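Using my numbering, read the sequence shown as starting at 21 and increasing by one per residue.
Beta carbons: idealized from backbone N, C-alpha and C, even for Gly.
Small disclaimer: the values here were computed from a predicted structure and weren't measured.
Worksheet: the structure to be examined is printed underneath.
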Amino acid sequence: MGAFFGKSSKKTAPSRITDQDKAVLQLKQQRDRLKQYQKRIELQLENDRLMAKKCLQQGRKDRAKLLLRKKKYQESLLSNADKQLENLEKLAADLEFAQVEMKVLDGLKQGNAALKKVHEMLDINEVEKIMDETREGIEKQQEIDAILTDVLTQQDEDDVLAELDALEAEEQGVELPSVPTDDLPAAVEDDDEGVDTKATKTKTNAKKVLVEA
21 MGAFFGKSSK KTAPSRITDQ DKAVLQLKQQ RDRLKQYQKR IELQLENDRL
71 MAKKCLQQGR KDRAKLLLRK KKYQESLLSN ADKQLENLEK LAADLEFAQV
121 EMKVLDGLKQ GNAALKKVHE MLDINEVEKI MDETREGIEK QQEIDAILTD
171 VLTQQDEDDV LAELDALEAE EQGVELPSVP TDDLPAAVED DDEGVDTKAT
221 KTKTNAKKVL VEA
């Protein structure tokens, strides 16, 4: 029975609506009511103008004058309402912007606190040690690269590049043409030598003809 009539163990979640939110809401409600009031005044002004015109047509000049005086007074009220509306809108905007500034400041505060905790976890000496080890590792790798580069010949470098191209082509699904291993034929040189021999023989025969003549 105590479970039915006792107090609930669940705690009510805190409301996310702040006092500033309530103030902004009230200002906007007042703004809306003021706009409705302006609309009523504008309709009344138009009605008074039409009534004054009708009274003039009927020869009731005093009644028309009274209506125009009422219209003039309501115009002053409408002007005051415009000023109040401007003040309400400005106040609501300022309050909303102040809320944004508060959220920004709160975010900066939390960020600074988190950054401070990170700095507390980091030790300057440990950071310098890590940087030194990283620098030493890079220098050692550079030395190894230099040694490997000196050991390999130009032909080895060309083979490495060719193998790299082949691997890249294999990854992309492209089949490269195979490199020929046979020696090139020397037919061109033989043809050149035959041409030179023929030219030499022709010159010799020409000299013999001149001598015999």
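Cα atoms of Ala134 and Met122: separation of roughly 18 Å, rounded to the nearest angstrom.
Of the other Cβ atoms in all chains shown, fewer than 16 fall within 10 Å of the Cβ of Ala189; this residue is therefore exposed. Sequence-distant Cβ neighbours of Arg51 in its own chain, meaning closer than 8 Å and more than five residues away, are Leu105, Leu108, Glu109 and Ala112. With contacts defined by Cβ atoms closer than 8 Å, Leu97 and Asp68 do not form a contacting pair. Of the candidates Lys55, Val44 and Lys137, the residue whose Cα lies closest to the Cα of Ser99 is Lys55. Annotation: the continuous alpha helix (DSSP H) that includes Leu47 extends over Asp39 to Gln77.
For the 8 Å CB-CB criterion, Lys91 and Leu63 do not form a contact. One thing to note: Ile37 has its Cβ no nearer than 8 Å to the Cβ of Ala101. Boundaries of the alpha helix (DSSP H) around Arg89: Lys81 to Met141.
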